[in-house]
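Peer 1: Numbering (the working numbering), first residue to last: 10 to 418.
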């Protein structure tokens, strides 16, 4: 049975890692679902065990944040925020920094994938109007959104999982992760200037993007920002993250007084299927005992009680996140952090490293892929073009941020 589980696991992750396979181009969600069904069909897991493997808190939180994002988009809040961010830069250099910083701040409180979806068109519009090369700004958007999402338990899917599995409160996690996130963001912005400064004409005015709509989105829909503030307050107060997000979405749904079919249509149901299936696949693989044995063997080298152990843990998680993706890495590593030392430190480290590791390559995170795909008709963001910046940014961001997390005890 162990061999069967390993084969299913490997096949599943080949389907997940390869965006398109000529012989089976079914995509990530279907690939994960296939793996989940095979785990049950092969007898690795019983149906009851597969149901128990799905972490409902994570799914509820992701669903709630998607609903909130759909209402924000419907109200024009995203357009207003993205337009403000791209209009704030009056020179190419300022626009570059503003793009990165705005993406980071927004991604800390909204799912980073969503931020990349709505900001990419505005970045392309700003660069087109000003005659600037889109590449540096798209890289700034992708890397900034990944970095910013590391700050909170609602910034990205892997942190949502950590929030569910670790028992960390929103405020406690933020206090430990914020200094590292800020340091990584500063490093990233500095590198953007170093790498791309010569490609930008210093002092050239950036043509402002006209307002997307004549009315202010906030004035037209005052309840939306009020509810968003209430949801944020609920997060800080320590309420259940998923149900807090759902409560905010339901308030907006009722106040809207319209059939919510259009809102539900904007929910990425395939992503929910992907995560639910992934929980099952990982549970089946963990049942083999191989993960437990690997962590027990590695614990003496990866422990949190010394600089060398933390450095090896960081390198191990970074490589693993780029091999199997950051969410599966979180699911595989999370339950075994106690064997390495202080789990409260381990959870924050795991969240930060798996998130920053997404900046290493163009396919290292879903946010990166979204930016590249959304921009493909206007600009081809190449793998090597991204890697030249992403590799250095990842290494230096980790070097700046990991020590700060360790000192935040």
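Note that CB positions come from ideal geometry on N, CA and C, so glycine has one too.
Taking the straight line between their C-alpha atoms, what separation do you get for residue 225 and residue 231?
Peer 2: Locating residue 225 in the chain shown gives position 216, counting from the first residue. Locating residue 231 in the chain shown gives position 222, counting from the first residue. Here residue 225 scores only 45 on pLDDT, less than 50, and its place in the model should not be relied on; the value that follows carries that caveat. So the two alpha carbons sit approximately 10 Å from each other.
Peer 1: Can you list, in chain order, the stretches of the beta strand (DSSP E) that have 3 or more residues and sit fully within the segment 112-185?
Peer 2: Here no run is fully enclosed.
Peer 1: Could you work out which residue in 102, 326, 318, 401 is closest to residue 206 when comparing CA atoms only?
Peer 2: The residue you call residue 206 lines up with position 197 of the chain shown. Checking every option, the nearest Cα to that of residue 206 belongs to 102.
Peer 1: So what does DSSP say about residue 343, is it helix, strand or coil?
Peer 2: Taking the first residue of the chain shown as position 1, residue 343 is located at position 334. Residue state, collapsed to three classes: helix.
Peer 1: Can you say whether residue 245 is buried or exposed, counting buried as having 16 or more other CB atoms within 10 angstroms of its CB?
Peer 2: Residue mapping note: residue 245 aligns to position 236 of the chain shown, counting from 1. By the neighbour-count rule (16 or more Cβ atoms within 10 Å), residue 245 is not buried but exposed.
Peer 1: Going by DSSP, what residue range makes up the alpha helix (DSSP H) through residue 331?
Peer 2: Working through the chain shown from its first residue, we reach residue 331 at position 322. First-last of the alpha helix (DSSP H) with residue 331: 316-333.
Peer 1: Can you tell which of 60, 160, 344 has the C-alpha that lies nearest to the C-alpha of residue 185?
Peer 2: Residue mapping note: residue 185 aligns to position 176 of the chain shown, counting from 1. With distances taken between Cα atoms, residue 185 lies closest to 160.
Peer 1: For residue 426, which of helix, strand or coil comes out of DSSP?
Peer 2: Given a span of 10 to 418 for the chain in the structure shown, any question on residue 426 remains unanswerable.
Peer 1: Have a look at residue 133 and residue 302 and give me their C-alpha separation to the nearest angstrom.
Peer 2: For this step, residue 133 is matched to residue 124 along the chain shown. For this step, residue 302 is matched to residue 293 along the chain shown. Each residue's alpha carbon lies about 48 Å from the other.
Peer 1: On the CB-based measure, 16 or more other CB atoms within 10 Å of its CB, does residue 332 come out buried or exposed?
Peer 2: Locating residue 332 in the chain shown gives position 323, counting from the first residue. So residue 332 ends up on the exposed side.
Peer 1: Is residue 112 closer than 8 Å to residue 144 when the C-beta atoms are compared?
Peer 2: Working through the chain shown from its first residue, we reach residue 144 at position 135. Working through the chain shown from its first residue, we reach residue 112 at position 103. Not a contact, by the Cβ cut-off of 8 Å.
Peer 1: Please name the residue in 275, 136, 250, 243 whose C-alpha comes closest to that of residue 208.
Peer 2: As a working note, residue 208 is residue 199 in the chain shown. Here the closest residue by C-alpha is 136.
Peer 1: For residue 197, which of helix, strand or coil comes out of DSSP?
Peer 2: Numbered from its first residue, the chain shown carries residue 197 at position 188. Looking at residue 197 - three-state DSSP - the assignment turns out to be helix.
Peer 1: Buried or exposed: which applies to residue 416, given that a residue is buried once 16 or more other Cβ atoms fall within 10 Å of its Cβ?
Peer 2: Locating residue 416 in the chain shown gives position 407, counting from the first residue. Exposed, by the Cβ-count rule.
Peer 1: Could you name the residues of the same chain whose beta carbon sits closer than 7 Å to that of residue 384, not counting the 5 residues immediately before and after it, in chain order?
Peer 2: For this step, residue 384 is matched to residue 375 along the chain shown. The answer, listed in chain order, is 129, 133, 143, 147, 390.
Peer 1: Let me check understanding here. Comparing Cα to Cα, which of 249, 247, 254, 248 lies closest to residue 237?
Peer 2: Here residue 237 refers to the residue found at position 228 when the chain shown is read from its first residue. It is 254 whose Cα lies nearest to the Cα of residue 237.
Peer 1: Can you give me the C-alpha to C-alpha distance between residue 67 and residue 140, rounded to a whole angstrom?
Peer 2: Sequence index remark: in the chain shown, residue 67 carries index 58 (1-based). Sequence index remark: in the chain shown, residue 140 carries index 131 (1-based). Taking the straight line from one Cα to the other gives about 42 Å.
Peer 1: Write down the C-beta distance between residue 364 and residue 326 rounded to the nearest angstrom, noting that I regard them as a contact closer than 8 Å.
Peer 2: The count along the chain shown starts at 1 and reaches residue 364 at position 355. The count along the chain shown starts at 1 and reaches residue 326 at position 317. Incorrect: roughly 10 Å between the Cβ atoms, too far for contact.
Peer 1: Go ahead and pull the three-state DSSP assignment for residue 350.
Peer 2: As a working note, residue 350 is residue 341 in the chain shown. Of the three classes helix, strand and coil, the one that applies to residue 350 here is coil, per DSSP.
Peer 1: Quick check: residue 413 and residue 65, are their CB atoms within less than 8 Å of each other?
Peer 2: As a first step, residue 413 is located in the chain shown; it is residue number 404 there, counting from the start. As a first step, residue 65 is located in the chain shown; it is residue number 56 there, counting from the start. It is not a contact, given that the beta carbons lie outside the stated cut-off.
Peer 1: Below 7 Å CB to CB, which residues in the same chain sit around residue 169 once its five sequence neighbours on both sides are set aside?
Peer 2: Here residue 169 corresponds to residue number 160 of the chain shown, with the count starting at 1. 67, 70, 71, 162, 163.
Peer 1: With H, G and I counted as helix, E and B as strand and the rest as coil, what does DSSP make of residue 266?
Peer 2: Here residue 266 is taken as the residue at index 257 of the chain shown, counted from 1. Residue 266: coil per DSSP, three-state reduction.
Peer 1: Between which residues of its own chain and residue 56 is the CB-CB distance below 7 Å, once the five residues before and five after are set aside?
Peer 2: Stepping through the chain shown from its first residue, residue 56 is reached at position 47. Closer than 7 Å at the Cβ level, and outside the excluded window around residue 56, lie 49.
Peer 1: Does residue 429 come out as helix, strand or coil in the three-state DSSP assignment?
Peer 2: In the structure displayed, the chain extends from 10 to 418; residue 429 sits before or after that span and is not available.
Peer 1: Straight-line CA distance for residue 199 to residue 43?
Peer 2: Numbered from 1 along the chain shown, position 190 holds the residue referred to as residue 199. Numbered from 1 along the chain shown, position 34 holds the residue referred to as residue 43. If I take the Cα positions, the gap works out to 43 Å.
Peer 1: Out of curiosity, what's the CA-to-CA distance linking residue 358 and residue 350?
Peer 2: Sequence index remark: in the chain shown, residue 358 carries index 349 (1-based). Sequence index remark: in the chain shown, residue 350 carries index 341 (1-based). Each residue's alpha carbon lies about 12 Å from the other.
Peer 1: So does the segment 314-326 actually touch the segment 275-283, counting three or more Cβ pairs closer than 8 Å?
Peer 2: Too few Cβ pairs lie closer than 8 Å, so no.
Peer 1: Could you tell me if residue 222 is buried or exposed, where buried requires 16 or more neighbouring beta carbons within 10 angstroms of its beta carbon?
Peer 2: Within the chain shown, the letter at position 213 stands for residue 222. Bear in mind that the predicted position of residue 222 carries a pLDDT of just 48, short of 50, making it unreliable; the figure below should be weighed with that in mind. Result: exposed.
Peer 1: So, using beta-carbon positions, are residue 240 and residue 77 closer together than 8 Å?
Peer 2: To locate residue 240, count along the chain shown from 1; it is residue 231. To locate residue 77, count along the chain shown from 1; it is residue 68. Closer than 8 Å, so yes.
Peer 1: Within the same chain, show all residues whose beta-carbon is closer than 8 Å to that of residue 228, passing over the 5 residues directly before and after it, in chain order.
Peer 2: In the chain shown, residue 228 corresponds to position 219, counting from 1. Interpretation of residue 228 is limited by its pLDDT of 46, a score under 50 that renders its predicted location unreliable; the figure taken from the coordinates is listed afterwards. Closer than 8 Å at the Cβ level, and outside the excluded window around residue 228, lies no residue.
Peer 1: Looking at residue 126: is its Cβ nearer than 8 Å to the Cβ of residue 116?
Peer 2: In the chain shown, residue 126 corresponds to position 117, counting from 1. In the chain shown, residue 116 corresponds to position 107, counting from 1. The answer is no: Cβ separation not under 8 Å.
Peer 1: Any idea what DSSP makes of residue 368, helix, strand or coil?
Peer 2: Here residue 368 refers to the residue found at position 359 of the chain shown. DSSP places residue 368 in coil when its eight states are reduced to three.
Peer 1: Mind checking residue 10: buried by the 16 CB within 10 Å criterion, or exposed?
Peer 2: By one-based count along the chain shown, residue 10 stands at place 1. Classification of residue 10: exposed, given that the 10 Å Cβ count is below 16.
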